[in-house]
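> This is the structure, below, for whatever I ask next.
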Amino acid sequence: MSSSTPTDASTPEPGSFDSSAIQTKWQARWAEADPFRAGGDEDTRPRKYVLGMFPYPSGDLHMGHAENYAYVDAVARFWRHRGYNVLNPIGWDSFGLPAENAAIKGGAGSDPREWTYNNIDQHKKSFREFGSSYDWSRVLHTSDPEYYRWNQWLFQRLYERGLAYRKQSAVNWCPNDQTVLANEQVVDGHCERCGAEVVKKKLTQWYFKITEYADRLLDDLNQLEGFWPHKVLQMQRNWIGRSVGADIDFEIEGRAEKISVFSTRPDTLHGATFMVVAPDSDLAAELAAGSSSAVRMRFQDYLDTVQKSSDIERQSTDRPKTGVFLDRFAINPINGERLPIWAADYVLADYGHGAVMAVPAHDQRDLDFARAFDLPVKVVVDTTAPVTGAIPVIELDDDGVPIDPLGDEDLEALDPVRTGVALTGDGRLINSGSLNGLSKRNAITRAIEELSAAGNGRAAKSYRLRDWLISRQRFWGTPIPMIHTSDGRIVPVPDEQLPVRLPDATGLDLKPKGTSPLGGATEWVNTVDPETGEPALRDADTMDTFVDSSWYFLRFLAPTDAAQPFPTAEAAKWAPVDSYIGGVEHAILHLLYARFITKVLFDMGLVDFTEPFTSLINQGMVLLDGSKMSKSKGNLVEFASSMTDPGADAVRVAIAFAGPVEDDINWEDVSTTGAQKFLARALRVASDVASPTDVVWAEGDSALRRVTHRLWADVVGLVEQSKFNVVVARLMELVNATRKAIDSGAGPADAAVREAAEAVAMILDLFAPHTAEEMWEILGYEPFVGVVPWRQADPTLLVEESVTAVVQVNGKVRGTLTVPAKISGDELEARARADEKVRRAIGDRDITRVVVRAPKVVSFTVS
Numbered sequence: 001m002s003s004s005t006p007t008d009a010s011t012p013e014p015g016s017f018d019s020s021a022i023q024t025k026w027q028a029r030w031a032e033a034d035p036f037r038a039g040g041d042e043d044t045r046p047r048k049y050v051l052g053m054f055p056y057p058s059g060d061l062h063m064g065h066a067e068n069y070a071y072v073d074a075v076a077r078f079w080r081h082r083g084y085n086v087l088n089p090i091g092w093d094s095f096g097l098p099a100e101n102a103a104i105k106g107g108a109g110s111d112p113r114e115w116t117y118n119n120i121d122q123h124k125k126s127f128r129e130f131g132s133s134y135d136w137s138r139v140l141h142t143s144d145p146e147y148y149r150w151n152q153w154l155f156q157r158l159y160e161r162g163l164a165y166r167k168q169s170a171v172n173w174c175p176n177d178q179t180v181l182a183n184e185q186v187v188d189g190h191c192e193r194c195g196a197e198v199v200k201k202k203l204t205q206w207y208f209k210i211t212e213y214a215d216r217l218l219d220d221l222n223q224l225e226g227f228w229p230h231k232v233l234q235m236q237r238n239w240i241g242r243s244v245g246a247d248i249d250f251e252i253e254g255r256a257e258k259i260s261v262f263s264t265r266p267d268t269l270h271g272a273t274f275m276v277v278a279p280d281s282d283l284a285a286e287l288a289a290g291s292s293s294a295v296r297m298r299f300q301d302y303l304d305t306v307q308k309s310s311d312i313e314r315q316s317t318d319r320p321k322t323g324v325f326l327d328r329f330a331i332n333p334i335n336g337e338r339l340p341i342w343a344a345d346y347v348l349a350d351y352g353h354g355a356v357m358a359v360p361a362h363d364q365r366d367l368d369f370a371r372a373f374d375l376p377v378k379v380v381v382d383t384t385a386p387v388t389g390a391i392p393v394i395e396l397d398d399d400g401v402p403i404d405p406l407g408d409e410d411l412e413a414l415d416p417v418r419t420g421v422a423l424t425g426d427g428r429l430i431n432s433g434s435l436n437g438l439s440k441r442n443a444i445t446r447a448i449e450e451l452s453a454a455g456n457g458r459a460a461k462s463y464r465l466r467d468w469l470i471s472r473q474r475f476w477g478t479p480i481p482m483i484h485t486s487d488g489r490i491v492p493v494p495d496e497q498l499p500v501r502l503p504d505a506t507g508l509d510l511k512p513k514g515t516s517p518l519g520g521a522t523e524w525v526n527t528v529d530p531e532t533g534e535p536a537l538r539d540a541d542t543m544d545t546f547v548d549s550s551w552y553f554l555r556f557l558a559p560t561d562a563a564q565p566f567p568t569a570e571a572a573k574w575a576p577v578d579s580y581i582g583g584v585e586h587a588i589l590h591l592l593y594a595r596f597i598t599k600v601l602f603d604m605g606l607v608d609f610t611e612p613f614t615s616l617i618n619q620g621m622v623l624l625d626g627s628k629m630s631k632s633k634g635n636l637v638e639f640a641s642s643m644t645d646p647g648a649d650a651v652r653v654a655i656a657f658a659g660p661v662e663d664d665i666n667w668e669d670v671s672t673t674g675a676q677k678f679l680a681r682a683l684r685v686a687s688d689v690a691s692p693t694d695v696v697w698a699e700g701d702s703a704l705r706r707v708t709h710r711l712w713a714d715v716v717g718l719v720e721q722s723k724f725n726v727v728v729a730r731l732m733e734l735v736n737a738t739r740k741a742i743d744s745g746a747g748p749a750d751a752a753v754r755e756a757a758e759a760v761a762m763i764l765d766l767f768a769p770h771t772a773e774e775m776w777e778i779l780g781y782e783p784f785v786g787v788v789p790w791r792q793a794d795p796t797l798l799v800e801e802s803v804t805a806v807v808q809v810n811g812k813v814r815g816t817l818t819v820p821a822k823i824s825g826d827e828l829e830a831r832a833r834a835d836e837k838v839r840r841a842i843g844d845r846d847i848t849r850v851v852v853r854a855p856k857v858v859s860f861t862v863s
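Okay, here's the thing in C-alpha cells:
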C-alpha cells in the first residue's frame, strides 16, 4: 500500500482541490504505466470493444466533442470495472475538404498534411488532459499511406465483385467546393459542408453498388431493434425506402424498344391518362429529339430551368407543377389507350426508371399536374365502398360520372377534378375490366399476374437508396487505384503496387476548378499500363472520405499490420463493436456505409458478423447561443481553455449531470462551478477517513451502509441504460450522506464511512478519473482505481427496515406513519385508524371504503 500522503511536488495537500495539479499528476502516471491498454491472448477476461466515432482534426476539440468522449470514456471505464478486457482506441478521420481548404487559404506551397497533423497533435494533447482512457498503442490516421493503402485494396476487391463501377450520370455538384456530392451529402438542396446551393451536372464517376445490398441493409435492421435508437433505425429504413409493386412495359410510338415504368399500384393501370418522364433523363432527351424543332426548343429551355433546381425542391408538394408535352405517345398495355408523354420536374431521373404512369385520380402529384394542364382524370377506385363483403360494381362514364347515380355526397367524393384531392384511400376497383370489384390488395396481385401472363410486366421492387457515388475532384483523399490505358481500357493498379501515394502538394494548384488537382501532378498522373507496359494515366479523382470511416473500426484491431487490412482472427475475438457512441447526425451517411462494407467483408469471408455495431448510443448536441457548437460558426468553447479552469473532471461531471444522454445541452445552463464544489466535497470525504484499509465493513453504521449498497445495486443498470445523470445525482447523495455521518455520531473512523468513500472513488472514476485516483490514493491504495473491480451489493442491506406510509382521506394526505417494511395490511390499517391526525380528518363521518397497499398507502373514503 502506498502512503496516504502524496509525494509528488505537484500534488496538493490532502483535502484541497487543485484540479490542475491533480490532472498533471495522474496524467503523468497513466502515461508511464499505460494501464488502459487492451490485453492480448494471455488475458483471459471476457472482451468488450467500446468505440467513439473518431474525430475530424479541424482545429482543437470543443465542448460538443467533450460530451461525446466523456460518454465514451464512462462506458469504457464501466466495463473495465465490471471485469472485462476493454478495447477503447482513438484515431483521426484526417482526409477531407477542411484541410485542403486551409492549405488553399495558406497560399502557394501550403500542404494539407501540415495543417492536419498539427491539429491531430493538439487533439492528442487535449484527450490526454481530458483523462480519456484510450489504448494509445492503436492510434491511426486515415491520411497515412499505411491506412489508405487498404482503402485502395478494398476498392479493388469491390471492383472484382462488380460492386465498384464507373458510369456517366447527372450528379450533385457543389459549385463552391467544385466537387460532386453523394445524395446523402445534400441537405435541403445545399452542400452539407459549405452550404452552397447544389446543382446537377453530368459527369463520369465511380460508384459503389450499395443497392445490391438494399434488401439486406433493410431487413437486417431487425437485428438491431432494442440496441439502436428507434429514430435511427427509422431514418435508415426511410432512406433505403423499399417499395413493392411491378415493372410495367409500355410501347412508345415511333420507338422500337419498350420502356419499363415502376408502379406500386399496378391495379390502377386502367386509370392512367398520361405518362411523365424526368426532364434530365436520357429517355426525355431521346423522345424530344424525335419530335419537332419547336418541341425540342421548348424542352431544352425547360431542361435548363430544371437543372437549376435541387431534387428537394423538385419533390416539394406545394410547388406549382410545370412541364413540357413532348408530342409523343405511349400505349397502355392493358387497354391499348394512347397516353401523351410529358417531361415534368416532379419525376426524378434516378427514381425507378425515370418515368411514371400518371393516374391523376389516385395520386396527388399527378392530379395537380393534370389540373394544371387540363389532362383527363379517370376514377378507377371507389373509395366509398367497403373493402370486405360483396358490393355492387359501380360503372362510370368517360367523364367519371356514375352511370347509376350514387347521390350528391358520393358523387362529390368520386370527383377529384372538382375537389382537387386525389382518392388515395382503400376501396374497390371500378372501370378496370377484370379487376372490377376487387379490393386494392387483391387487385394488385391480380394485375401483376395478368401483366406477367401477357409478357407486359412483372413483380418488382424499387428503392429510394441510390448507389454510393465515391469520386471526389479534390486532392486530400485516397487516390482511386485505377489506370486509364491509351486504348480506352480501365485496369486496376496491382495489389503489390499499393498504396498509390499522394504526391507532394508543393507546386500543385489545389484551388477547386471542377477537375481534381491530381491531374496537374504530371509525374504522378503519368504511369504505365501494368498489362502492356504502354504509357497510361492514373485516375485523378480521390475517394469520398466516408470510405475511410466505413471500416476503420476493424483497422484498430492491428493498425500497424502491413500484410492485411486487419487480422481475421482478431476480428473474431473483438468485433463487432459492443458500444458505439457518437452524434445522431451520422444516422444515415456513416452508419449506412459502414453496414454495407461490413456485409461485403462478410461475403468475402473476412468477418463472421453482418452488422458492425451491436449497440449504438447517440448523444444530443451541445448548444451555445442557441445553435450547435461549430468552429465554422465561431460559437464554441474549446477544450484547451477548459482543462485548467474549471478542469477536465468538472467539465466531465457537469456534462454527465446536465441531463439524459440523448437530450441537447445548452452550455449556458451547464454548471461547472457546481461540479467543482461536488468534487471538492468528495475529495474532503476521502481525506477525512480515519479507519484502516482492513476495517471490517459490517461494524459500520448500518444506515450509511444501506445508502452505499443501494447505489452498488442500482449503478450497473443505470450505466447500461446510459442514465449517467442519475448516477452522478446518486453519487452526490452518497457524498452528502457520508459527510453527514462524519460530522455526526458515526465519525470519520467508522467503517461505513470508509466503505462509502471507496464506493464514491470507484464509481466517480467513470466521470472524474483524476479526482477518483486522488481519492483512491488518499484512502491508502495503490493506483489505479480505474482497473479495480467493482463490489457487489450486500442483499441484506437492500431490505428496508422501515418505510413511510401515507394515509389519505378522500384523496388528500392527512398523515404519515413510520412502519416496518414487512407490515401486514391489517396492522397498517389499524395504525392508520389510530393516528390522531387521521381520526380528526375523519371526524364523525362514516368510512365507506378502505384501500390498503402495504406498506406504503392507506386510503379512506368517507361520507
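The numbering of the sequence shown is the UniProt record's numbering, which starts it at 1 and goes up by one. Note that beta-carbon positions come from the ideal geometry of N, C-alpha and C, so glycine has one too. Just so we're clear, the structure is a prediction, and the values are computed from it rather than from any experiment.
#1: Count Cβ pairs between the region 41-57 and the region 572-587 that sit closer than 8 Å; are there 3 or more?
#2: Please say whether ASP649 and LYS768 have beta carbons closer to each other than 8 Å?
#3: Drop a sphere of 10 angstroms on the beta-carbon of VAL819, count the other beta-carbons inside from all chains shown, and report buried for 16 or more, exposed for fewer.
#4: According to DSSP, what are the bridge partners of ALA713?
#5: Need the endpoints of the beta strand (DSSP E) that ARG853 sits in, please.
#6: Can you pull the DSSP bridge partners for ILE665?
#7: Just the C-alpha distance for ARG237 and PRO481, rounded to the nearest angstrom, thanks.
#8: Excluding five sequence neighbours on each side, which residues of the same chain lie with their C-beta closer than 7 Å to the C-beta of ALA182?
#9: Measuring alpha carbon to alpha carbon, tell me which residue in ASN101, ALA821, VAL809 and LYS837 is nearest VAL851.
#10: Whole angstroms are fine: how far does the CA of PHE553 sit from the CA of VAL232?
#11: Taking the alpha helix (DSSP H) that THR478 falls in, what are its first and last residues?
#12: Measure the alpha-carbon distance for ASP794 versus MET732 and round it to whole angstroms.
#13: Find the nearest neighbour of ALA294 within the set GLN792, ASP327 and GLY271, judged by alpha-carbon distance.
#14: Beta carbon of ARG265, beta carbon of ILE490: below 8 Å?
#15: Can you name, in chain order, every residue of its own chain whose Cβ lies under 8 Å from the Cβ of LEU623, other than the five neighbours on each side?
#16: Got a sec? Which residues, its chain only, sit under 6 Å from SER432 by beta carbon, not counting five neighbours each side?
#17: In the DSSP output, what is ASP543 paired with across the bridge?
#18: So, helix, strand or coil for LEU51, using DSSP?
#19: Skipping 5 residues on each side, what residues in its chain have a beta carbon closer than 8 Å to that of ARG216?
#20: Residues in its own chain within less than 7 Å of GLU829 by CB, not counting five upstream and five downstream?
#21: Alpha carbon to alpha carbon, how far is PHE784 from ASP34?
#22: Throw me the rounded Cβ distance for the PRO612 and ALA640 pair, which I believe falls under 8 Å.
#23: Which of the three DSSP states is assigned to TYR552 in this structure?
#24: For GLU212, collect the residues of the same chain with a Cβ closer than 7 Å to its Cβ; drop the 5 residues on either side in sequence, then sort them by chain order.
#25: Relative to the C-alpha of SER550, which residue among GLU129, PRO565 and PRO692 is closest?
#26: When you compare the CB positions of GLN721 and GLU662, do they come within less than 8 Å of one another, or not?
#27: Would you kindly work out how many angstroms separate the C-alpha atoms of ASP408 and ASP415, rounded to a whole number?
#28: With the cut-off set at 8 Å, would you say PRO89 and TYR134 are in Cβ contact?
#29: Give the DSSP-derived three-state secondary structure of ARG338 in the structure shown.
#30: Return the CA-CA distance between VAL525 and PRO517, expressed in angstroms with no decimal places.
#31: CB GLY477 to CB THR542, shorter than 8 Å?
#32: Can you tell me whether PHE678 is helix, strand or coil according to DSSP?
#33: Name the DSSP bridge partner or partners of PHE613?
#34: From HIS590 to ALA343, what distance separates their C-alpha atoms?
#35: Name, in chain order, the residues that DSSP records as bridge partners for CYS191.
#36: Under the rule that 16 or more other beta-carbon atoms within 10 Å means buried, what is PHE546, buried or exposed?
Looking at the coordinates:
#1: Yes, the region 41-57 touches the region 572-587.
#2: This sequence places Ala at residue 768; Lys is not what is there. Yes. Within cutoff.
#3: With 16 or more other Cβ atoms within 10 Å, it is buried.
#4: DSSP lists no partner for ALA713.
#5: In the DSSP annotation of this structure, the continuous segment of the beta strand (DSSP E) that includes ARG853 starts and ends at 847-853.
#6: Note: ILE665 is bridge-paired with VAL622 in the DSSP secondary-structure output.
#7: Approximately 33 Å, taken between the alpha carbons.
#8: Only TRP468, LEU469 and ASP544 meet the Cβ criterion.
#9: The shortest C-alpha separation from VAL851 is found at VAL809.
#10: Rounded to the nearest angstrom, the two C-alpha atoms are 20 Å apart.
#11: Careful: THR478 lies outside any alpha helix (DSSP H) and carries neither H nor E.
#12: Taking the straight line from one Cα to the other gives about 21 Å.
#13: Of GLN792, ASP327 and GLY271, the residue nearest in Cα terms is ASP327.
#14: Pairing ARG265 with ILE490 gives a Cβ-Cβ distance that is not under 8 Å.
#15: So the list reads MET629, ASP664, ILE665, ASN666 and TRP667, once near-sequence residues are dropped.
#16: Here SER432 has HIS270 and VAL380 as same chain residues with Cβ atoms under 6 Å from its own Cβ, once five neighbours each way along the sequence are excluded.
#17: In the sequence as displayed, the identity of residue 543 is Met instead of Asp. MET543 is bridged to SER471.
#18: Looking at LEU51 - three-state DSSP - the assignment turns out to be strand.
#19: Correct list, in chain order: LYS599 and THR610.
#20: Around GLU829: VAL850, VAL852 and VAL858.
#21: Computed Cα separation, rounded: 11 Å.
#22: The distance from the Cβ of PRO612 to that of ALA640 is about 33 Å, inconsistent with a contact at the 8 Å cut-off.
#23: Three-state result, TYR552: helix.
#24: Taken in chain order, the residues that qualify are LEU163.
#25: Comparing alpha carbon positions, the residue from GLU129, PRO565 and PRO692 closest to SER550 is PRO565.
#26: Not a contact, by the Cβ cut-off of 8 Å.
#27: In this prediction, ASP408 scores a pLDDT of 49, lower than 50, which makes its location untrustworthy; no coordinate-derived value is stated.
#28: Between PRO89 and TYR134, the gap from beta carbon to beta carbon is short of 8 Å.
#29: Three-state DSSP puts ARG338 in a strand.
#30: Between VAL525 and PRO517, the C-alpha separation is close to 10 Å.
#31: Closer than 8 Å, so yes.
#32: Helix.
#33: DSSP, once it has assigned bridges, lists VAL577 as partnering PHE613.
#34: Roughly 35 Å between the two C-alpha positions.
#35: DSSP lists VAL186 as partners of CYS191.
#36: Buried, by the Cβ-count rule.
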